[in-house]
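With the sequence shown counted from 1, adding 20 to any position gets you the numbering used here. In this text, a Cβ means the ideal position worked out from N, Cα and C, and glycines have one as well. What follows is a short report on a single structure.
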Amino acid sequence: MANLVIDIGNTALKAAWADGVTLGKTFRYQGEKMSEFILSLVSREKPEVMVISTVRDLPQKTEERLGKECGRLVTLDSRHPDVFEKKGIPLFFTPDRAASAIAVRYLFAGKACTIFDFGTTLTIDFLDADGNYLGGNISPGCRTRFKALNRYSRSLPLLDTPEKTDLAGRDIQTSVESGVISGIIFEIEGYLGQYPDNIAVFTGGDAIYFAKRMKNSIFVVCNLVLMGLALIAEDYVEKDL
Numbered sequence: 021m022a023n024l025v026i027d028i029g030n031t032a033l034k035a036a037w038a039d040g041v042t043l044g045k046t047f048r049y050q051g052e053k054m055s056e057f058i059l060s061l062v063s064r065e066k067p068e069v070m071v072i073s074t075v076r077d078l079p080q081k082t083e084e085r086l087g088k089e090c091g092r093l094v095t096l097d098s099r100h101p102d103v104f105e106k107k108g109i110p111l112f113f114t115p116d117r118a119a120s121a122i123a124v125r126y127l128f129a130g131k132a133c134t135i136f137d138f139g140t141t142l143t144i145d146f147l148d149a150d151g152n153y154l155g156g157n158i159s160p161g162c163r164t165r166f167k168a169l170n171r172y173s174r175s176l177p178l179l180d181t182p183e184k185t186d187l188a189g190r191d192i193q194t195s196v197e198s199g200v201i202s203g204i205i206f207e208i209e210g211y212l213g214q215y216p217d218n219i220a221v222f223t224g225g226d227a228i229y230f231a232k233r234m235k236n237s238i239f240v241v242c243n244l245v246l247m248g249l250a251l252i253a254e255d256y257v258e259k260d261l
């Protein structure tokens with residue numbers, strides 16, 4: 021049997037079937053009926069291990085129901101810190117950040133890394149060559165910055181990520197666009213400059229967008245969180261943690 025890994029974020033759910041650490045078909049869902057969507061994935065095949073990473077604590081009834089649809093259910097949320105402890109992950113980590121760190125340890129073993137996750141927030145985490153967590157930062161993500169400018173000003177429009185920007189804008193729209201995008205680029209370049217020997221790993225919805233705008237060599241791993249969850253699932257299969 022394959023494993024099923026699920027990442028429930030702030031705005032969407034992503035899932036994938038996994039054979040060991042190899043991801044198969046991936047799924048994305050945005051809506052209020054996430055439990056029903058997950059049940060639809062297991063309607064034809066029950067996974068050996070189902071790992072769910074979620075920024076929202078799952079209701080107990082939902083957890084019990086999903087537990088009946090797999091050989092073993094592993095939930096990563098604020099109520100289940102045991103996996104974090106076994107993996108040497110700080111307990112204050114959100115589950116998606118924890119999964120990303122686990123995946124990077126596996127992919128770039130023996131290398132110091134800087135992980136950039138582009139989502140609702142922009143998270144930056146640092147691992148040394150032994151995989152130890154050195155610290156990290158959180159700032160607003162790209163679309164969060166656009167929304168904040170619109171919400172907390174009287175005159176600025178709500179904009180989205182542009183295809184192209186110049187360093188300086190020529191009107192209100194391009195000034196907002198270049199301000200947000202250039203600000204994030206300068207932020208990233210600042211971290212890369214502070215840790216020039218680290219491998220830079222980009223993930224999240226805007227990873228490719230910003231990787232194309234970097235002068236440095238960047239590794240883009242779009243399903244980094246799901247890969248980390250697949251590694252956790254495989255641990256339960258092989259070692260019964």
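Please state the DSSP three-state secondary structure of residue i.
i    : result
S63  : coil
R48  : strand
S73  : strand
D39  : strand
K34  : strand
F112 : coil
L24  : strand
T181 : coil
D137 : strand
D145 : strand
Y229 : helix
R174 : coil
K167 : helix
E68  : coil
L251 : helix
L246 : helix
Check for me: the beta strand (DSSP E) holding residue i runs from which residue to which?
i    : result
F222 : I219 to G224
L93  : R92 to L96
First and last residue of the alpha helix (DSSP H) that includes residue i?
i    : result
P115 : P115 to L127
N236 : From DSSP, N236 is part of no alpha helix (DSSP H); its letter is neither H nor E.
Y211 : I192 to Q214
Y153 : Y153 -> not in any alpha helix (DSSP H); beta strand (DSSP E) instead, spanning Y153 to P160.
R85  : Q80 to G87
K106 : D102 to K106
Just to confirm, is the Cβ distance from residue i to residue j under 9 Å?
i    : j    : result
I109 : M70  : no
L96  : I252 : yes
F136 : V200 : no
A123 : D148 : no
I192 : L178 : no
L246 : L59  : no
D186 : S198 : yes
V41  : E254 : yes
S73  : P115 : yes
E68  : R85  : no
Can you give me the C-alpha to C-alpha distance between residue i and residue j, rounded to a whole angstrom?
i    : j    : result
K45  : T223 : 18 Å
F146 : F128 : 13 Å
Y256 : W37  : 15 Å
C90  : Y215 : 43 Å
I158 : A119 : 16 Å
G51  : F57  : 9 Å
K107 : A121 : 10 Å
L142 : E65  : 36 Å
N23  : V94  : 11 Å
T134 : N243 : 16 Å
S98  : N236 : 36 Å
E83  : F47  : 20 Å
G29  : A188 : 33 Å
N170 : R163 : 11 Å
V75  : A35  : 15 Å
G213 : A168 : 28 Å
Assuming residue i and residue j form a contact by the criterion Cβ under 8 Å, report the distance between their Cβ atoms to the nearest whole angstrom.
i    : j    : result
G161 : R125 : That belief does not hold up - the Cβ atoms of G161 and R125 are roughly 24 Å apart, past 8 Å.
F239 : F138 : With a Cβ gap of about 14 Å, F239 and F138 do not count as contacting.
I205 : R233 : 6 Å
T181 : D226 : 7 Å
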